[in-house]
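Notes for the one structure printed next.
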Amino acid sequence: MSGGGRSDFDTIVVERREQAEIALAREIAALVREKRRVNLGLATGDTPAGVYRELVRIHREEGLDFGQVSTFNLDEYLDLPPDHPGTFARWMHEQVFARLEVPSANVHIPAAGLAREEVAGHCLAYERAIREAGGVDVQILGIGRNGHVAFNEPGAARESRTREVELHPWTREDAAEAFGGIEKVPRRAITMGLATILEARRIRVLAFGSRKAGIVRRAIEGPVEPDVPATFLRGHPDLRIWIDRAAAAELSMDRGAVQA
Ligand code: PGA
């Protein structure tokens, strides 16, 4: 594992993704142990799953208490019933909140089943809830193949806030298997904005596997531009990007080097 070359943020390349997952889980666990009341910004799906598994292990085996932790999820599909198996809420409850025993009053996820006229007010209330909780301490993030962070798809503005978005074709393609066909994947979603995400005190990005190699290179070494929303993260004062060797394959040598 190494801090493979850096400028104003850390890029850490690991041989196996588990090394990143364990390291990030330990960072979060240390913060929870120290402060108890911690606000976590959470992502859904395969990329962060190993971090959550390790946190569950720490909770069960080391007795770490998540009873005062509050969580704010990045995004959620729209146009699904609230208990639909494809919702991020369902996945988070099953994989994370029930296992970590986070009190349900502390869990915040944008709602999936809103009527059209409810969406704007819900987004404003979501921003307010984050602010009133004192802001996000650690934000976990993945990067989509198209450079999205949360559902801030290519073209998203650096100043964007929690809002309704149209999903990009690649995003819907990547979700097709989970929904049993692309025609079943929702077209709209709610996402925290880039400005919302950038207010988190720490941002921790994960990207694993060869299918992310091209976008990881653009996110880390390409020009900062709305076409690759992940590039806006590079202005953040406490950013760490964890990637495995496969995702680092297209980086320039000094950043891509793995050291044992
Ligand atoms: P993945 O996507 O977890 O499906 O690789 C990450 C993301 O889209 O943020």
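For the sequence shown, the working numbering begins at 289 and goes up steadily by one.
Just so it is clear, CB atoms sit at the ideal spot from N, CA and C, and this is done for glycine as well.
Please work out which residues of its chain come closer than 6 Å, Cβ to Cβ, to residue i, disregarding the five sequence neighbours upstream and downstream, and give them in chain order.
| i | result |
| --- | --- |
| Thr484 | Arg449 and Thr450 |
| Met480 | Leu362, Ala438 and Thr450 |
| His524 | Leu486 and Ile491 |
| Arg528 | Asp298 and Arg492 |
| Asn434 | Pro442, His456 and Trp458 |
| Glu420 | none |
| Asn327 | Ser358, Ala421, Val424 and Asp425 |
| Asp346 | The sequence as given places Ile at residue 346; Asp does not occur at that position. Correct list, in chain order: Ala317 and Leu352. |
| Ala417 | His396 |
| Phe520 | Arg446 and Leu482 |
Considering only the alpha carbon of each residue, which of the options lies closest to residue i?
| i | options | result |
| --- | --- | --- |
| Arg492 | His347, Leu330, His396 and Phe360 | Leu330 |
| Glu350 | Glu364, Ala318 and Asn361 | Ala318 |
| Leu352 | Gly338, Ala313, Asp462 and Arg404 | Ala313 |
| Glu342 | Gly333, Asp367, Met380 and Leu388 | Leu388 |
| Phe354 | His381, Val390, Glu382 and Tyr340 | Val390 |
| Thr332 | Arg475, Arg321 and Tyr365 | Tyr365 |
| Glu309 | Gln383, Tyr340 and Ala403 | Tyr340 |
| Asn296 | Leu539, Arg475, Ile508 and Ser540 | Correcting the residue type first, residue 296 is Asp in the shown sequence and not Asn. Here the closest residue by C-alpha is Ile508. |
| Gly430 | Glu322, Gln307, Arg321 and Pro517 | Pro517 |
| Gly510 | Glu538, Pro398, Gln307 and Ala417 | Glu538 |
| Ala466 | Arg506, Arg378 and Arg446 | Arg378 |
| Arg348 | Gly374, Ala444, Thr335 and Val384 | Val384 |
| Arg468 | Val344, Phe360 and Gly374 | Per the sequence shown, the amino acid found at residue 468 is Gly instead of Arg. Nearest option by C-alpha distance: Gly374. |
| Arg522 | Val512, Ile531 and Trp530 | Val512 |
Go to residue i, then tell me how far its beta strand (DSSP E) extends in each direction, as first and last residue.
| i | result |
| --- | --- |
| Arg476 | Arg476 to Thr479 |
| Arg490 | Arg490 to Ala495 |
| Glu452 | Arg451 to Glu454 |
| Gly502 | Run containing Gly502: none in the beta strand (DSSP E); it sits in the alpha helix (DSSP H), Ala501 to Glu509. |
For residue i, I'd like the list of residues in its chain whose CB is within less than 7 Å of its CB, leaving aside the five on either flank, ordered along the chain.
| i | result |
| --- | --- |
| Gln356 | Arg324 and Arg325 |
| Arg294 | Its pLDDT being 41, under 50, Arg294 is placed unreliably in this model, and the coordinates cannot settle the point. |
| Val320 | Val326, Leu352, Phe354 and Val357 |
In terms of DSSP beta bridges, what is residue i paired with?
| i | result |
| --- | --- |
| His396 | Phe360 |
| Asn440 | Val437 |
| Pro299 | Pro is not the amino acid found at residue 299; the sequence shown has Thr there. DSSP output for Thr299 lists Ile529 as bridge partner(s). |
| Gly329 | Phe360 and Gln427 |
For the alpha helix (DSSP H) containing residue i, name the first residue and the last one.
| i | result |
| --- | --- |
| Val344 | Asp334 to Glu350 |
| Ile485 | Leu482 to Leu486 |
| Val579 | What is shown of the chain runs 289 to 548, which leaves residue 579 out entirely. |
Excluding five sequence neighbours on each side, which residues of the same chain lie with their C-beta closer than 8 Å to the C-beta of residue i?
| i | result |
| --- | --- |
| Gly291 | Only weak support is given to the placement of Gly291: the predicted model assigns it a pLDDT of 47, under 50, and the value that follows is read from those uncertain coordinates. If we look at Gly291 and ignore the five residues flanking it on each side, its Cβ neighbours are Asp298, Thr299 and Ile300. |
| Glu452 | Leu366, Val407, Ala408, Cys411, Arg476, Ala477 and Ile478 |
| Pro370 | Ala377, Ala399, Ala400 and Gly401 |
Just to confirm the assignment: which complete alpha helix (DSSP H) runs, minimum length 4, are found wholly within the stretch 361 to 429? If we require 4 residues or more, the alpha helix (DSSP H) runs fully inside the stretch 361 to 429 come out as 376 to 380 and 407 to 420.
So within the stretch 511 to 539, which uninterrupted beta strand (DSSP E) runs reach at least 3 residues, ignoring any that extend past its ends? Scanning the stretch 511 to 539 for uninterrupted beta strand (DSSP E) segments of 3 residues or longer gives 527 to 532, listed from N- to C-terminal end.
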